[in-house]
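K.L.:
Take a look at the following structure, please.
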Amino acid sequence: MRKVKSFTRFKADILQLLMILSGKIKTIFIQSLLTVIAVSVWAIIVNSISSSGIPLITPLRIIKVGGTTVKIPVFRSRKQISESQPQMAYHAPDEIDLSSAYAHFQDYSAIFIDTRERDDYLKGHIARAISVPLDSLDFSREVLPGLSRSEKIITYCDGEECSQSIDLAVRLSEIGFSDVYFFYGGWTAWKKAGYPINVGELP
Amino acid sequence: MKSSDIRKYLEIIIRTVLGFIFLYASLDKIIYPQKFAEVIYNYRLMPIELLNICAIIVPWIEAFIGVSLLIGFRVDVSAFMLSVITFFFILMIISAIVRGLNIECGCFSLDAEGSLVSWKRVIEDVFILVGGIFLLLNKKKTVSSNR
Chain U
6 MRKVKSFTRF
16 KADILQLLMI
26 LSGKIKTIFI
36 QSLLTVIAVS
46 VWAIIVNSIS
56 SSGIPLITPL
66 RIIKVGGTTV
76 KIPVFRSRKQ
86 ISESQPQMAY
96 HAPDEIDLSS
106 AYAHFQDYSA
116 IFIDTRERDD
126 YLKGHIARAI
136 SVPLDSLDFS
146 REVLPGLSRS
156 EKIITYCDGE
166 ECSQSIDLAV
176 RLSEIGFSDV
186 YFFYGGWTAW
196 KKAGYPINVG
206 ELP
Chain H
-11 MKSSDIRKYL
-1 EIIIRTVLGF
9 IFLYASLDKI
19 IYPQKFAEVI
29 YNYRLMPIEL
39 LNICAIIVPW
49 IEAFIGVSLL
59 IGFRVDVSAF
69 MLSVITFFFI
79 LMIISAIVRG
89 LNIECGCFSL
99 DAEGSLVSWK
109 RVIEDVFILV
119 GGIFLLLNKK
129 KTVSSNR
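Chain order of the listed sequences is U and H. Per this note's numbering, the first sequence starts with residue 6, numbered consecutively. Per this note's numbering, the second sequence starts with residue -11, numbered consecutively.
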């Protein structure tokens, strides 16, 4: 009899504890939500007056790739955007297909840029392509010094599952290169077609 | 030393350590929001249009958690926020590792070389989560025992 009584009390205690806990968690949850709202308002106000503030909605560049459109975000502060607007030098880069890329390769009319990691480049790349991994570029300095802004440039990466070629093409266009293409088929399509490749460093 | 004393000192130590970590982690991101937006973009988990607003708000939430833990203001609320936010960070890092993404973590600083996503980052975050849950439960215990 005593056992049953103590078990009932134990059960009641547990229930009471659970009720207290759930009540507390509910209170903390609501307070956290209110805090997040207050902090968000503060963050947006500071962002709107800060010199490094960014637009609330990410600005996008829309590019056509193989019949579909790809959205490329532009990560720049409001100040950088307003500074670059008067120039209006931006020409959206276009996609180039395998046969056109090969035609440019054959008559030496374009510079191929391999945007993959350095190791991948060394294992094999489009012949005469230069290696410029996206991460290696410092856009606060002069990018690709010695290269004319009107030079035809074709960027590529592995193939259709990577986006570094598009990213680099967009970045180069933003800083004034006017004839930039991205070869979406990339290394995979080039190798499959049996076109000239090279291994290791450029001679 | 009584066990309640030990718990009290442990709470102060964990509070201070986590407070510093969160405050430090927020600074770079508050100063360079566009860089942080790019870090979030690389995880490929969020609609592109929302990257900026997320990069504006998240660092300030981290800063709030850091300061409130350091000064001991509403520790229960900030410990709860810390636990939730760290839980999501852990999920994001694991999903990046599983998808084979070799990207910057953006965990503590925005230095591209230093902090790629890795299991080490997951373990660090699990320790932070355990600390957060300890503070949350500890705070609740003190509040209920005071009554």
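No residue lacks a Cβ here, since even glycine has one placed at the ideal position from N, Cα and C. If you're wondering where the values come from, they're calculated on a predicted model, not measured in any experiment.
1. Taking only three categories from DSSP, how would you classify residue 78(U)?
2. For chain H, check one thing: does any of its Cβ atoms lie closer than 7 Å to the Cβ of residue 31(U)?
3. Cutting at 8 Å between CB atoms, please list the residues of its own chain near residue 85(H), excluding the five before and the five after it.
4. Note down, in chain order, each residue of its chain lying with its Cβ closer than 8 Å to the Cβ of residue 42(H), except the 5 sequence neighbours on either side.
5. State the CB to CB distance for the pair residue 20(H) and residue 57(U), rounded to an integer number of angstroms; the pair is presumed to be in contact (CB under 8 Å).
6. If you measure between the beta carbons of residue 44(U) and residue 49(H), is that distance less than 7 Å?
7. Please check if any C-beta of chain H sits within less than 7 Å of the C-beta of residue 76(U).
8. Do residue 65(H) and residue 85(U) have their C-beta atoms closer together than 7 Å?
9. With distances taken Cα to Cα, identify the nearest neighbour of residue 118(U) among 105(U), 157(U), 102(U), 112(U).
10. For the beta strand (DSSP E) containing residue 117(U), list its first residue and its last residue.
11. Whole angstroms are fine: how far does the CA of residue 124(U) sit from the CA of residue 160(U)?
12. Which same chain residues end up closer than 6 Å to residue 69(H) when comparing Cβ atoms and leaving out the 5 residues on each side of it in sequence?
13. Taking the alpha-carbon positions, what's the residue 87(H) to residue 202(U) distance?
14. Which residues in the same chain have their Cβ closer than 8 Å to the Cβ of residue 65(U), if we skip the five residues on either side of it in sequence?
15. Given a limit of 8 Å on CB to CB distance, which residues of the region 185 to 196 of chain U reach chain H?
16. How many Å lie between residue 103(H) and residue 15(U) at the Cα?
17. Using the C-alpha atoms, what's the distance from residue 188(U) back to residue 95(H)?
18. If you compare alpha carbons, which of 33(U), 39(U), 38(U), 47(U) is closest to residue 18(H)?
19. Going by DSSP, name the residue or residues bridged to residue 188(U).
20. What residues in the region 26 to 51 of chain H have a beta carbon less than 8 Å from any beta carbon of chain U?
21. In the DSSP assignment, find the unbroken beta strand (DSSP E) run with residue 160(U) in it and report its ends.
22. To the nearest angstrom, report how far apart residue 24(U) and residue 30(U) are at their CA atoms.
23. Among the candidates 140(U), 136(U), 195(U), 100(U), whose CA atom is the shortest distance from the CA of residue 110(U)?
24. Only counting the same chain, and skipping five residues up and downstream in sequence, which positions put a Cβ closer than 7 Å to that of residue 134(U)?
25. Taking just the CA atoms, how far does residue 13(U) sit from residue 40(H)?
26. For residue 132(H), count neighbouring Cβ atoms within 10 angstroms of its own Cβ and tell me buried if that reaches 16, exposed if not.
27. Within a Cβ cutoff of 7 Å, which residues of the same chain sit near residue 123(H), ignoring the five residues on either side of it in sequence?
28. Please confirm whether residue 183(U) and residue 155(U) have their CB atoms less than 7 Å apart.
29. By the 10 Å Cβ neighbour count, where 16 or more other Cβ atoms means buried, how is residue 113(H) classified, buried or exposed?
P.N.:
Short version:
1. strand
2. no
3. 105, 106, 107, 110
4. 25, 28, 34
5. 7 Å
6. yes
7. yes
8. no
9. 157(U)
10. 116 to 119
11. 17 Å
12. 53
13. 29 Å
14. 76, 77, 78, 79
15. none
16. 50 Å
17. 34 Å
18. 47(U)
19. 101(U)
20. 26, 29, 36, 37, 38, 39, 40, 41, 43, 44, 45, 47, 48, 49
21. 158 to 161
22. 10 Å
23. 195(U)
24. 117, 118, 119
25. 55 Å
26. Residue placement at residue 132(H) cannot be trusted, given a pLDDT of 49 that sits under 50; the coordinates are not used to answer.
27. -1, 2, 3, 63, 67
28. yes
29. buried
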